[in-house]
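Undergrad: In the UniProt record's numbering, the protein residues as written are 1 to 135.
All residues carry an ideal CB built from backbone N, CA and C; glycine is no exception.
Since the structure is predicted, the reported quantities are computational estimates derived from the model, not experimental observations.
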Amino acid sequence: MHLTLAFLGEVSAEKEKALSLLAGRIRQPGFTLTLDDAGQWLRSRVVWLGMRQPPRGLIQLANMLRSQAARSGCFQSNRPFHPHITLLRDASEAVTIPPPGFNWSYAVTEFTLYASSFARGRTRYTPLKRWALTQ
């Protein structure tokens, strides 16, 4: 399970290395992520978990990574960042969403660069590099 902070698309090994060096320079404290929202985007057929009030640390981290990616030539959408965890893709019909009132929290102590690959109808995510957030 992951939450995408910045999407890079296909990048060369050289650009991946440069972006990894930039990401490694980020010094930011960890934060608590509280999942307390869920929904389904009917147009994109995605069922997701999210948060009503994303923590400032999450927004700052995503903004830093997206800025670094954009300056390095990786297209970044101009749509607002909507932090979420995708639970289901290609949901062809409405799905029962958890009722309001749930609240799942966990400490975020690191962030990870993943490579994604699509095969046999599924997306697979392979962790490439991890960086600790400061204490």
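(1) Can residue 134 and residue 29 be called in contact, C-beta distance under 8 Å?
(2) Would residue 4 and residue 103 be called neighbours here (beta carbons separated by less than 8 Å)?
(3) If I follow the unbroken alpha helix (DSSP H) through residue 20, where does it start and stop?
(4) Name the residue from 100, 94, 74 and 90 whose alpha carbon lies nearest to the alpha carbon of residue 7.
(5) Label residue 84 either buried or exposed according to how many other C-beta atoms from any shown protein chain fall within 10 Å of its C-beta, with 16 as the threshold for buried.
(6) Are residue 68 and residue 22 closer than 8 Å when you measure CB to CB?
TA: The structure says:
(1) Position 134 of the sequence shown, counting from 1, holds the residue named residue 134. Position 29 of the sequence shown, counting from 1, holds the residue named residue 29. In this structure, residue 134 lies near residue 29, with their beta-carbon atoms less than 8 Å apart.
(2) Reading the sequence shown from its first residue, position 4 is the one you call residue 4. Reading the sequence shown from its first residue, position 103 is the one you call residue 103. The Cβ-Cβ distance between residue 4 and residue 103 does not fall below 8 Å.
(3) Residue numbering aside, residue 20 sits at position 20 when the sequence shown is read from its first letter. Element bounds for residue 20: 13–24.
(4) Numbered from 1 along the sequence shown, position 7 holds the residue referred to as residue 7. The shortest C-alpha to C-alpha distance from residue 7 to any of 100, 94, 74 and 90 is the one to 74.
(5) For the purposes of this step, residue 84 is taken as the residue at position 84 of the sequence shown. Flag for residue 84 reads buried.
(6) Working through the sequence shown from its first residue, we reach residue 68 at position 68. Working through the sequence shown from its first residue, we reach residue 22 at position 22. Contact: yes.
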